[in-house]
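Sequential numbering from 2 applies to the sequence shown in my numbering. Report on the following structure.
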Amino acid sequence: MSTKDRFVIIDGHALAYRQYFALPVQAFRTRAGEPTNATYGFTRTLLDILQQERPDYLAVSFDRGLSGREELYGDYKGTREKMPDDLRSQIERIEEVVQAFNIPVLAREGYEADDVIGTVVSQVAGDELDVRIITGDRDILQLLSERVSVQLPGRRGQKDVIWDLQAFRDHYELEPWQLVELKGLMGDSSDNIPGVKGIGEKSGTTLLKQFKSIAGVYENLDEVRGAMRKRLEAGADMARLSRELAQIQRDVPLSFSLDYCVAHDFDLNQVQELLRTLEFRSLGERLKDFRQIGMFAEEETDVSPAVLQAVDDVETVLVNDEQGLNDLVTVLTSAKGIVWDVETTSVDQMSCDLVGIALAVDGDRGWYVPVGHQRGQQLHLQQVLEALRGPLTDPAIPKYAHNAAYDLVVLQRYGIDVTPVAFDTMLAQWLFDTSSKFLGLKNFARFVLEPPVEMTEISELLGTGRKQISMAEVEIDRAAPYAAADGAITWRAVDYLQPRMQADEALNKVFTTLELPLVPVIADLERAGVVLDTQHLQQLSATLGDRLAELEETIYGLSGGYGAFNINSPRQLNDVLFGKLGLPTTNLRRTTHGFSTNAETLEKLRPHHEIIGHISEHRELGKLKGTYVDSLPDLINHHTGRLHTSYNQTGTSTGRISSNNPNLQNIPIRTEPGREVRRAFVPQDGTQLLSVDYNQIELRVMAHFCEDPTLLEAFQQEQDIHSVTAATVFGIPLDEVSYKERDFAKRVNFGLIYGMGAYGLASDSDLSLTEARQFIDDYFGRMPRIREWMDATRARARKEALTTLFGRRHEFPVLLNSGRSNPVAVKRAERVAINLPIQGSAAEIMKRAMLDVHAALTSNRLDARMILQVHDELVLEVPNEQLAETGQLVVEVMEGAVELKAPLRANAEVGLNWRDMQPLSPQARRLAGQ
């Protein structure tokens, strides 16, 4: 047997778990609704191993039990969460895939995969064989030897790490066989192995370096001094038990022969049929490169790569001299369309520096024009901008981009307003699948595009962490192929998506009349920014700091003698709440630190101790101070003197525009400190803020959909909808509805939109569960059309995609395949199915309003500009002399954005900061309209 022979053993359950959590389950389902994310990831990894590693022998091991460890220790792996139902259903499929490739499954009833692998490794130890174990479990490192290596997942999505004997010695300063000794002393929280209380990795390693093993420690216990000795004496039995739990068994009764593990040829038709059943089109394409014996290491025949490499498949044209620039302009001027993409120094479109521009006019070739690299030959920035301005602003040449808003803003800052934006591939992909996790160009090219293309990740150029550099520091000859591929692959994405979009009349209408025209409006909104009163934020920071200090002293005093502790530490908070104070833990969710201490849990605990209210306030104020009060001033752009956020059209499945860097939509408005943050948002001199927000838009949309006469009449007569609801349900005259009754009806009205049931209503009120059920029954009994619409919507979601007012679709795979889905997931999907058409339609109305307001301001030659969009609210900065006219215009435009059976209404307020706003007087609006 050759010393080059290689045996790869895969821990099947570990790899399945890893792929399940790495790939979004919603994005990987068959048309019948079967979840396939783990199966897809597993199969893709298997193909990578066969084609890239090309092992001589290959096997996959699966868990079939706990190898008797649960009998030794009843809580073994007791803290591990139950396998998700959507993963459990895929394990059988994964074994099907393995068998289809003629790969043996190594398993034994009652045993863990680790023990099966340990047994196999022991049986082949005498062979001249290099063994690689692919797993997610560090326990397997105890099997390391001169010829056995272990492949473990990298941290935070980075590349896998290969552990060999030397790597283990360098990291642990021990031998692999001592890993079980270390686990016996320090325990292992992942498997709930207890170890010796008070012994951690550092102290455990010190003991083993001196005494070699647990047996050696206890034979020489008289050499250990102080508290350490007491801990070891108290934990002697647990140390020995923990060692036994951590020890991988190497004598599992297993029928094994290496001959059965030869990575031989498989039945191509059988594998292709299975992949077709699972709807893995891109993986099916990879099979075309397989030959019947092409995976053998001895095979001399060249094997084509499974996936095209973008840097090899795209011709790169570097433009760094005047002749090259002239040639490029000639190509662009006669092109049928232009893809443009910018390379910059950061993802902040308002502060980044332009490093280069990538362009493409087809999918085979990309041009890269460097302008801001620190080294290398490149043209002057202004020369490039002047040359490219013509073709990039030519209205007769359509422009394409992936995430066009970013590229648009960057070039606008440099004096080029790219127009017309005719296609945005990221926006199109999102419309096809609003839950897609493949919106980034690299993932889209790899997982959606046909044929798939492997693109260079930006981290390969820039690095990560502390060693990360900027694009300006990358050598031009490395940046050019990367950028050229971005341009050419975006063109291929256009070719792939555009015909599909045009073939879908309803979706194409949403794309071309709403989402795509909104891109330049979003760009203008991002460039506008808002002025901040930093002095106010400094004062607020000091006030909040004082209050936080007061709260800390109060919390320490209520901690039952625990004293000072880190209130933000879940572990220490567990010690105080459930250890020192003994608060009840019934029905609380377990975590690795003990019990959850999230906001929902604290609310459940609030009646049991006064400390809870102070902890909640401390947490809220600390987050507000850190996230906004102290951070916002540092985010002010030093060029514009204003705060700029980024808006994302594709950030939510409902279609709502989201905000980030910073997220201005999460500033709390129901608390006084939150309103104080809004006080810092001010207009520039000579202007005021105009805020116009829709009045109860989601309830109006629901009334439009369900056509309930009570709701429609209330909205049409401009009555208070919550008072009308209270009067209807309680059976009292409208003028006798109390504040408490109205507030209760308000919670029900909005709660129903988000799928609240009797339990949620009871939790949110002082009603018992029985009373809450009765109230909801009365509610639907008096307004039956609401329930009818909800029932019909749920039923429709089980058969087909739901549509919004403008025609955007959303499928619910869990409901389409509800018979095989987790009942909890079905209930959750039903709640979302009720909400999505409502919230999605409301989001579309706001987008339509933004387009119309933007156009109206231009056509009326007003100097006002939109500066913020938050949920159902638009905020504008308006010159004082144009305030009344602009307010009147914006209200009219927003109320006329779409015609509903429950008419839209918008409220306008003005002020010198975002907190202290006053209603725009009807008199001013009337004068403006004259």
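Glycine is no exception: its CB is placed at the ideal position from the N, C-alpha and C atoms.
The stretch 853–872 makes no contact with the stretch 716–728, as fewer than three CB pairs between them are under 8 Å.
Assignment of R45 by DSSP, reduced to helix, strand and coil, places it in the helix class.
8 Å or more divides the Cβ of A264 from the Cβ of L517. For P36 against S90, the beta-carbon gap comes to about 6 Å, under 8 Å, which counts as contact. R809 counts as buried, since at least 16 other C-beta atoms from the protein chains shown sit within 10 angstroms of its C-beta. Residue nearest to F448 within the set A108, Y415 and Y497 is Y497 (criterion: CA-CA distance).
Taking a 10 Å sphere around the C-beta of I670, we find fewer than 16 other C-beta atoms and assign the residue as exposed. Taking the CA atoms as reference points, I215 sits about 49 Å from L625. Comparing alpha-carbon positions, the option among D547, Q375 and S283 lying closest to D478 turns out to be Q375. In the three-state reduction of the DSSP assignment, G205 falls in the helix class. A contact is defined here as three or more CB-CB pairs under 8 Å, and the stretch 46–59 meets this definition with respect to the stretch 7–14. Annotation: E527 to S190 spans about 46 Å, alpha carbon to alpha carbon. Here Q430 carries a helix assignment [DSSP, helix/strand/coil]. In the structure shown, the three-state DSSP call for S256 is coil. I163 counts as exposed, since fewer than 16 other C-beta atoms from the protein chains shown sit within 10 angstroms of its C-beta. Between V702 and M895, the gap from beta carbon to beta carbon reaches 8 Å or more.
Of the other Cβ atoms in all chains shown, fewer than 16 fall within 10 Å of the Cβ of P500; this residue is therefore exposed.
By the CB criterion at 8 Å, T420 and P396 fall inside the cutoff. Fewer than three Cβ pairs drawn from the stretch 595–614 and the stretch 639–657 lie within less than 8 Å of each other, which leaves the two stretches out of contact. Taken atom to atom, the span from the alpha-carbon of E677 to that of R916 is near 7 Å.
Under the 10 Å beta carbon count, K83 is surrounded by fewer than 16 other beta carbons and is classified as exposed. Looking at the backbone, the Cα of S617 and that of Q573 are separated by about 15 Å. Sixteen is the threshold: when 16 or more other Cβ atoms of the shown chains lie within 10 Å of the Cβ of G367, as they do, the residue is buried. Of the residues assessed, P608 falls on the exposed side of the cut-off, its CB having fewer than 16 other CB atoms within 10 angstroms. Under a 10 Å Cβ-count criterion, H855 is classified as buried, with 16 or more other Cβ atoms of the shown protein chains found around its own Cβ. Secondary structure remark: continuous alpha helix (DSSP H) runs of at least 4 residues inside the stretch 384–461, in chain order: 405–414, 426–433 and 442–448. The C-alpha of S347 is placed about 37 Å away from the C-alpha of D165.
Looking at the DSSP output, P880 sits in a beta bridge with T688. V26 sits away from D116, with the two beta carbons spaced by 8 Å or more. A Cβ-Cβ separation of about 18 Å leaves R65 out of contact with G137 under the 8 Å criterion. In the three-state reduction of the DSSP assignment, V532 falls in the strand class.
CA-CA distance, I787 to A524, rounds to 39 Å. Shown here for R390: same chain residues with a beta carbon closer than 8 Å to its own, the five before and five after excluded, namely G416 and I417 in chain order. Under the three-state reduction of DSSP, V9 is assigned to strand. Boundaries of the beta strand (DSSP E) around S647: S647 to N649. Measuring C-alpha to C-alpha distances from Y369 to each of Q324, I398, A406 and L319 identifies L319 as the nearest.
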